């Protein structure tokens, strides 16, 4: 059975959530302080005699409101700098967090219908968290209060649900346009101070992680991509990777590994060849001619050949295994010692499971300074090679006969046939042509997930610029399409990932903590901070604490409201009061005795002066800010939740059979 314990205002632990996989279609344990209403039975005898899989509109809408109230109640105590932490227990492990979305996605009911309602809220909140990293709690509390106030308006209750949704959506359009148009864009001069302030707020004033984020942006600039990983120790740290491009790929055989206890392959200045198709048995001759090209240009004989392709057929793999076995036997006989074997040829695999992986693979060629070999190119090289092999056989036959026979015997043997052409010059031309397909970097690090190229001294700057422009255009296109989706699309995430790799700037923050519980809590806060900083750099900033949303609801600031239908102005007033409720919740988490009038005074002054009230210092400040996109997504998410509730009809579980 799922348990939810709602807390008193001054308690530091607000919710305990226990996951449970048991489910029942129509049983609900009432934990809300609101009594469960008794619903009228339209056909009581039939419903009792014939249980079915339909819940009527009235009952379903009431149940949605109940579940919504319970969720809002569970989340409200986590809001703001004085919000309480939540202890989540699951499978015998514990997780302490202040992140509202983490709490939300761990809430569970022992009833299928209630979980369906909960998942509807979760789905909408997930979209926002994926985009901007924060704001799910504010949107849910605002939506709950918004819905409550809508139900008290006789004017709005008289509207059909469909018409009400249209009016609400029109208000959102007017409000979001105001928020975006009044956002402050970040510049190269001010972005560092701004992202530092955002990180400070998002991490709840954690100086360690705020300073780490500051240092990363200071060293790498605004285009850096920041990722997270758990630290092996209790100390947080970070690593910056500059001048490094990586692809989603792996070594073909672990026998190549020569470092980190046999888990990685490290190569120094290898000749890198990229194929974009499946290598078959016939292509082994290409590998041999490539080795010959390396031998001709490398007098030391130390340079290794790195071959990367998306796939290999079985016959080619047999060739690779035979080559590995032969060289290993020879090397061990020569060296008479154990250890990593410096194979002259290393093979990697970079499968194209997603379209973006092929794009990134093509990008790699620009940084390595080589040309990817496609099937037509390979056929051309093989055809040239076969022609030269035939000419070499003819030339060898001619030379051998000329050297071993007497002149008269040779003349009779050759019988005035044309003298074959010596292919040596054309062989050298082929080797030079093959060498043009080679790329390189100072170092290559291969794991079972990625291949990293560091020290990109052979890059093609013009091609990199071209591919970066294409990637940026693709991302802007996907960003525009995301606006119409409930979730961030995979294509948008992929386009953003590609652009960040092209920037060659990345950093990894290793999350520390004195326990696994503390690490997870730090990880939640850090995740919010990373996404919030990225969103601010992309969309600009507004004062924090939903100030921009409140401004957008005020006709004296958002003058477009006065041009709208009176119903939209009424909705704007309700939205104002609903987000004032959110701010009041934040203040009550510090002082339960705070009055509505005092909060309203603070909010109005914040809106008029375009600044935020700092609850810690109890003064107005311009340092508390958030991404403009955060405010927009909070408003949209709140309205999306409301839209589901006001337009919902009866509920039917199609796969339930009684």
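Residue numbers (the working numbering): 1 to 658. Note that CB positions come from ideal geometry on N, CA and C, so glycine has one too. Small disclaimer: the values here were computed from a predicted structure and weren't measured.
Selection from the options that minimises the alpha carbon distance to residue i
{"i": "residue 659", "options": "469, 464, 465, 495", "result": "Residue 659 cannot be examined here, being either before or after the span of the chain that is shown, 1 to 658."}
{"i": "residue 474", "options": "500, 462, 451", "result": "500"}
{"i": "residue 446", "options": "263, 113, 87, 116", "result": "263"}
{"i": "residue 636", "options": "60, 87, 171, 155", "result": "171"}
{"i": "residue 590", "options": "64, 60, 75, 81", "result": "81"}
{"i": "residue 603", "options": "562, 290, 546, 569", "result": "546"}
{"i": "residue 232", "options": "620, 566, 519", "result": "519"}
{"i": "residue 625", "options": "149, 55, 535", "result": "535"}
{"i": "residue 359", "options": "472, 266, 378", "result": "472"}
{"i": "residue 60", "options": "147, 105, 86, 117", "result": "117"}
{"i": "residue 253", "options": "598, 156, 361, 306", "result": "306"}
{"i": "residue 266", "options": "310, 607, 341", "result": "341"}
{"i": "residue 65", "options": "606, 146, 275", "result": "146"}
Identified DSSP bridge partners for residue i
{"i": "residue 240", "result": "507"}
{"i": "residue 599", "result": "None; residue 599 has no bridge partner."}
{"i": "residue 274", "result": "308"}
{"i": "residue 410", "result": "For residue 410, which the question treats as bridged, DSSP gives no partner whatsoever."}
{"i": "residue 443", "result": "268, 454"}
{"i": "residue 184", "result": "541"}
{"i": "residue 248", "result": "450"}
{"i": "residue 54", "result": "652"}
{"i": "residue 614", "result": "619"}
{"i": "residue 226", "result": "507"}
{"i": "residue 349", "result": "250, 309"}
{"i": "residue 416", "result": "Paired residue(s): none; residue 416 is not in a bridge."}
Sequence-distant residues of its chain with Cβ nearer than 7 angstroms to residue i (five each side left out)
{"i": "residue 437", "result": "273, 370, 371, 373"}
{"i": "residue 234", "result": "512, 513, 514"}
{"i": "residue 456", "result": "243, 245, 367, 441"}
{"i": "residue 212", "result": "236, 238, 509"}
Straight-line gap, residue i to residue j (C-alpha atoms, nearest Å)
{"i": "residue 579", "j": "residue 550", "result": "7 angstroms"}
{"i": "residue 542", "j": "residue 199", "result": "15 angstroms"}
{"i": "residue 514", "j": "residue 57", "result": "51 angstroms"}
{"i": "residue 293", "j": "residue 517", "result": "56 angstroms"}
{"i": "residue 460", "j": "residue 391", "result": "36 angstroms"}
{"i": "residue 23", "j": "residue 135", "result": "Residue placement at residue 23 cannot be trusted, given a pLDDT of 40 that sits under 50; what the coordinates show is reported in the next sentence. Rounded to the nearest angstrom, the two C-alpha atoms are 30 angstroms apart."}
{"i": "residue 402", "j": "residue 423", "result": "17 angstroms"}
{"i": "residue 110", "j": "residue 84", "result": "25 angstroms"}
{"i": "residue 396", "j": "residue 381", "result": "22 angstroms"}
{"i": "residue 283", "j": "residue 389", "result": "15 angstroms"}
{"i": "residue 400", "j": "residue 419", "result": "13 angstroms"}
{"i": "residue 279", "j": "residue 308", "result": "10 angstroms"}
{"i": "residue 224", "j": "residue 468", "result": "15 angstroms"}
{"i": "residue 527", "j": "residue 89", "result": "21 angstroms"}
{"i": "residue 537", "j": "residue 220", "result": "14 angstroms"}
{"i": "residue 28", "j": "residue 628", "result": "Only weak support is given to the placement of residue 28: the predicted model assigns it a pLDDT of 37, under 50, and the question is left unresolved by the model."}
{"i": "residue 301", "j": "residue 326", "result": "18 angstroms"}
{"i": "residue 324", "j": "residue 458", "result": "29 angstroms"}
{"i": "residue 35", "j": "residue 112", "result": "Low confidence applies here, because residue 35 scores a pLDDT of 45, under 50, leaving its location unreliable and the question unanswered by this model."}
{"i": "residue 425", "j": "residue 365", "result": "29 angstroms"}
{"i": "residue 363", "j": "residue 470", "result": "11 angstroms"}
{"i": "residue 202", "j": "residue 250", "result": "36 angstroms"}
{"i": "residue 271", "j": "residue 439", "result": "6 angstroms"}
Sequence-distant residues of the same chain with beta carbon closer than 6 angstroms to residue i, five excluded per side
{"i": "residue 237", "result": "510"}
{"i": "residue 68", "result": "144"}
{"i": "residue 115", "result": "109"}
{"i": "residue 398", "result": "420"}
Other residues of its chain near residue i: CB distance less than 8 angstroms, five sequence neighbours each side excluded
{"i": "residue 162", "result": "647"}
{"i": "residue 79", "result": "100, 137, 138, 141, 582, 585, 586, 589"}
{"i": "residue 562", "result": "555, 569"}
{"i": "residue 492", "result": "475, 478, 479, 481, 482"}
{"i": "residue 405", "result": "413"}
{"i": "residue 159", "result": "167, 567"}
Whether residue i touches residue j by CB criterion (7 angstroms)
{"i": "residue 277", "j": "residue 375", "result": "yes"}
{"i": "residue 186", "j": "residue 218", "result": "no"}
{"i": "residue 644", "j": "residue 120", "result": "yes"}
{"i": "residue 571", "j": "residue 178", "result": "no"}
{"i": "residue 506", "j": "residue 241", "result": "yes"}
{"i": "residue 385", "j": "residue 287", "result": "no"}
{"i": "residue 651", "j": "residue 55", "result": "yes"}
{"i": "residue 600", "j": "residue 175", "result": "no"}
{"i": "residue 614", "j": "residue 548", "result": "no"}
{"i": "residue 87", "j": "residue 96", "result": "yes"}
{"i": "residue 430", "j": "residue 296", "result": "no"}
Residue i beta carbon near the ligand SAM (any heavy atom closer than 6 angstroms)
{"i": "residue 386", "result": "Of ligands this structure carries none, so the ligand SAM is not represented either."}
Neighbour flag for residue i against chain D, beta carbons, 7 angstroms
{"i": "residue 639", "result": "No chain D is part of this structure, which consists of one protein chain only."}
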